[in-house]
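Okay, so here's the structure we're looking at.
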């Protein structure tokens, strides 16, 4: 009952706002500002009643009116509001509106806010399976965060990009990002404890493309980069699976992974990379049996 009343009130406000801009006796830019406020109130009512598509339409009408009234900041906020309410019903359109809104934020120097909206857009594109658009947004978000010296947030975006690359089979690109983030985190007291994970992921990406020689060289480089890495369980697993790959010993590979997983459960991402590496041994074994 309440939702129906909110929808009726919102619809009435939309009609009033339209009349305000089309009225014969309405002059100047003031009428657009007044109409924008009505559209915004209508959008809020639609949002409250979970009528998200209509809410977005109302906010976009408000944005247009604010532009006519030369109120750029309010126009940007209305566009972003439209994007926010569409997250659940039309993620792709929501992401597009968030990107549109960030252009004005960047022009005004609001890089942190722009970065957050770009990051949100990237995550929405990812949820929709559009990894290319997601990567573009997340890379842009990382750049904006770095402009504000928000290193941790920038790294979050970069690591997400690396994960998307790895899941798409672009292991070189993924490994490079993981390694770069690790290197940049070495001297940061808040971030250095995650370095071993980044180096671990970089190694797994190289091994996942079945480059045993490259993985071995990378592992030695990572030990030099971070002297504490050699003593970590992640490094011990790297050494064990690398030896198993050299010897084409699938049982040793499986046992090494199982031992690690028993104490430190492997997530889906790490498991995927290890399975790609394991296939190399299995395929080599199948080939030898055919000879």
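In my numbering, the protein residues as written are 39 to 329. Virtual Cβ for every residue (Gly too), placed ideally from N, Cα, C.
Using C-beta distances below 6 Å, list every residue in its chain close to residue i, excluding the 5 sequence neighbours before and after it, in chain order.
| i | result |
| --- | --- |
| residue 176 | 160, 195, 198, 199 |
| residue 48 | 80, 83, 84 |
Quick test of your reading: residue i and residue j, contact by CB under 8 Å. State the CB separation rounded to the nearest angstrom.
| i | j | result |
| --- | --- | --- |
| residue 143 | residue 193 | Wrong, their Cβ atoms sit about 21 Å apart, outside the cutoff. |
| residue 70 | residue 96 | Going by Cβ atoms, the distance from residue 70 to residue 96 rounds to 15 Å, so no, they are not a contact pair. |
| residue 90 | residue 123 | 5 Å |
| residue 234 | residue 277 | 14 Å between Cβ atoms; not a contact. |
| residue 220 | residue 240 | 7 Å |
| residue 172 | residue 135 | At roughly 16 Å, the Cβ-Cβ gap does not stay under 8 Å, so residue 172 and residue 135 are not in contact. |
| residue 280 | residue 253 | 6 Å |
| residue 141 | residue 132 | With a Cβ gap of about 16 Å, residue 141 and residue 132 do not count as contacting. |
Cutting at 7 Å between CB atoms, please list the residues of its own chain near residue i, excluding the five before and the five after it.
| i | result |
| --- | --- |
| residue 100 | 74, 77, 78, 81, 116 |
| residue 232 | 223 |
| residue 139 | 114, 117, 118, 121, 155 |
| residue 67 | 106, 107, 108 |
| residue 211 | 203 |
Quick check on residue i: buried or exposed, where buried means 16 or more other Cβ atoms within 10 Å of its Cβ?
| i | result |
| --- | --- |
| residue 255 | exposed |
| residue 44 | buried |
| residue 308 | buried |
| residue 251 | exposed |
| residue 53 | exposed |
| residue 46 | exposed |
| residue 204 | buried |
| residue 111 | exposed |
| residue 301 | exposed |
| residue 178 | buried |
| residue 42 | exposed |
| residue 55 | buried |
| residue 325 | Because the pLDDT at residue 325 is just 47, under 50, the model does not fix this residue reliably, and the point stays unresolved. |
The segment 165 to 172 contacting the segment 182 to 191, beta-carbon criterion three pairs below 8 Å: The answer is no - the segment 182 to 191 does not touch the segment 165 to 172, with fewer than three Cβ pairs under 8 Å.
Contact the segment 286 to 301 vs the segment 251 to 269: 3+ CB pairs below 8 Å: Not touching, per the Cβ criterion.
Counting pairs of beta carbons, one from the segment 311 to 324 and one from the segment 241 to 248, are three or more of them closer than 8 Å? Three or more beta-carbon pairs separated by less than 8 Å link the segment 311 to 324 to the segment 241 to 248, which places the two stretches in contact.
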